[in-house]
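Structure first, then comments.
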Amino acid sequence: MFVLNYLAVPATEFDRLAADDDQVDAVHELLESAEYPTTDIDKAWGPLSMVVGESPIMGAIAGTQEWDEEVTANPPALVAEQAAALAAADGAQLAAAANELDPD
(Lines of atoms letter the chains of each structure in order from A; the text may use other names.)
(Lines give C-alpha, C1' and ligand atoms only; values in the text may rest on other atoms or scores of the structure.)
Protein backbone atom coordinates (compact mmCIF):
# COMPACT_ATOMS: atom_id res chain seq x y z
CA MET A 33 0.00 0.00 0.00
CA PHE A 34 1.16 3.54 -0.62
CA VAL A 35 -0.07 6.80 0.86
CA LEU A 36 -0.27 9.94 -1.23
CA ASN A 37 1.38 13.05 0.17
CA TYR A 38 0.23 16.63 -0.17
CA LEU A 39 3.04 19.21 -0.38
CA ALA A 40 2.37 22.93 0.13
CA VAL A 41 4.75 25.37 -1.58
CA PRO A 42 4.75 29.14 -2.23
CA ALA A 43 3.50 30.37 -5.60
CA THR A 44 7.06 31.15 -6.73
CA GLU A 45 8.12 27.57 -5.98
CA PHE A 46 5.05 26.28 -7.83
CA ASP A 47 6.11 28.30 -10.88
CA ARG A 48 9.64 26.87 -10.67
CA LEU A 49 8.30 23.33 -10.46
CA ALA A 50 5.89 23.96 -13.33
CA ALA A 51 8.79 25.06 -15.54
CA ASP A 52 11.01 22.11 -14.58
CA ASP A 53 11.61 19.54 -17.32
CA ASP A 54 11.13 16.70 -14.84
CA GLN A 55 8.47 17.83 -12.40
CA VAL A 56 8.08 14.40 -10.80
CA ASP A 57 11.73 14.23 -9.70
CA ALA A 58 11.68 17.89 -8.60
CA VAL A 59 8.59 17.33 -6.45
CA HIS A 60 10.02 14.13 -4.95
CA GLU A 61 13.22 15.99 -4.06
CA LEU A 62 11.17 18.64 -2.27
CA LEU A 63 9.23 15.97 -0.39
CA GLU A 64 12.48 14.35 0.75
CA SER A 65 14.01 17.68 1.76
CA ALA A 66 11.18 18.41 4.24
CA GLU A 67 11.61 22.09 3.33
CA TYR A 68 7.85 22.66 3.05
CA PRO A 69 4.91 21.28 5.02
CA THR A 70 3.41 17.98 3.92
CA THR A 71 0.52 15.81 5.01
CA ASP A 72 -0.83 12.43 4.01
CA ILE A 73 -3.62 13.20 1.57
CA ASP A 74 -5.98 10.74 3.25
CA LYS A 75 -5.75 12.79 6.45
CA ALA A 76 -6.49 16.03 4.59
CA TRP A 77 -9.01 15.52 1.82
CA GLY A 78 -10.93 12.52 3.16
CA PRO A 79 -12.38 14.39 6.15
CA LEU A 80 -12.94 17.54 4.09
CA SER A 81 -14.90 15.70 1.42
CA MET A 82 -17.23 14.33 4.09
CA VAL A 83 -18.02 17.82 5.38
CA VAL A 84 -17.71 20.39 2.63
CA GLY A 85 -19.26 18.55 -0.30
CA GLU A 86 -19.28 20.78 -3.36
CA SER A 87 -17.44 23.77 -1.86
CA PRO A 88 -14.37 25.22 -3.61
CA ILE A 89 -12.16 23.11 -1.34
CA MET A 90 -13.04 20.04 -3.36
CA GLY A 91 -11.57 21.72 -6.44
CA ALA A 92 -8.36 20.16 -5.18
CA ILE A 93 -9.57 16.95 -6.72
CA ALA A 94 -11.14 18.29 -9.91
CA GLY A 95 -8.91 21.30 -10.53
CA THR A 96 -5.47 19.74 -10.55
CA GLN A 97 -2.94 19.99 -13.34
CA GLU A 98 -1.42 16.66 -14.38
CA TRP A 99 2.35 17.02 -14.43
CA ASP A 100 3.00 13.31 -14.86
CA GLU A 101 1.37 10.08 -13.84
CA GLU A 102 2.73 10.43 -10.29
CA VAL A 103 2.26 14.16 -9.62
CA THR A 104 -0.69 16.50 -9.83
CA ALA A 105 -0.60 20.16 -8.85
CA ASN A 106 -3.06 22.74 -7.60
CA PRO A 107 -2.43 26.22 -9.05
CA PRO A 108 -1.86 28.96 -6.42
CA ALA A 109 -5.16 30.72 -7.20
CA LEU A 110 -7.05 27.49 -6.52
CA VAL A 111 -5.19 27.00 -3.24
CA ALA A 112 -6.21 30.51 -2.13
CA GLU A 113 -9.83 29.69 -2.94
CA GLN A 114 -9.59 26.44 -0.97
CA ALA A 115 -8.05 28.22 2.00
CA ALA A 116 -10.89 30.74 2.08
CA ALA A 117 -13.47 27.95 1.95
CA LEU A 118 -11.65 26.03 4.66
CA ALA A 119 -11.54 29.12 6.88
CA ALA A 120 -15.32 29.39 6.56
CA ALA A 121 -15.88 25.69 7.32
CA ASP A 122 -17.12 24.46 10.69
CA GLY A 123 -14.01 23.31 12.57
CA ALA A 124 -15.97 20.98 14.83
CA GLN A 125 -17.44 19.18 11.82
CA LEU A 126 -14.01 18.84 10.24
CA ALA A 127 -12.53 17.45 13.45
CA ALA A 128 -15.39 14.98 13.84
CA ALA A 129 -15.00 13.77 10.26
CA ALA A 130 -11.24 13.40 10.67
CA ASN A 131 -11.75 11.42 13.88
CA GLU A 132 -14.28 9.18 12.16
CA LEU A 133 -11.76 8.29 9.45
CA ASP A 134 -8.78 7.96 11.79
CA PRO A 135 -9.88 7.48 15.42
CA ASP A 136 -6.28 7.21 16.67
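If you read the sequence shown in my numbering, its first letter stands for residue 33, the second for the next number, and so on. For every residue, glycine included, the Cβ atom is placed at its ideal position computed from N, Cα and C.
Beta bridge pairing from DSSP links Asp122 with no other residue. Apart from the 5 residues on each side of it in sequence, Thr71 sits with its Cβ closer than 6 Å to the Cβ of Tyr38 in its chain, given in chain order. Distances from the CA of Asp54 to each of Glu101, Ala117 and Pro69 were compared; the closest alpha carbon is that of Glu101. Around Pro69, the same chain offers Ala40 as residues with beta carbons nearer than 6 Å, after the five sequence neighbours per side are excluded.
Excluding residues up to 5 positions away in sequence, Pro108 lie with their Cβ nearer than 6 Å to the Cβ of Phe46 in the same chain. Leu62 and Ala120 have their C-alpha atoms some 30 Å from each other. By the C-beta density criterion, Ala105 is buried, having at least 16 other C-beta atoms within 10 angstroms.
The beta carbon of Ala58 is closer than 7 Å to those of Leu49 and Asp52 in its chain, skipping five residues each way along the sequence. Annotation for Glu98: the continuous beta strand (DSSP E) segment containing it runs Gln97 to Asp100.
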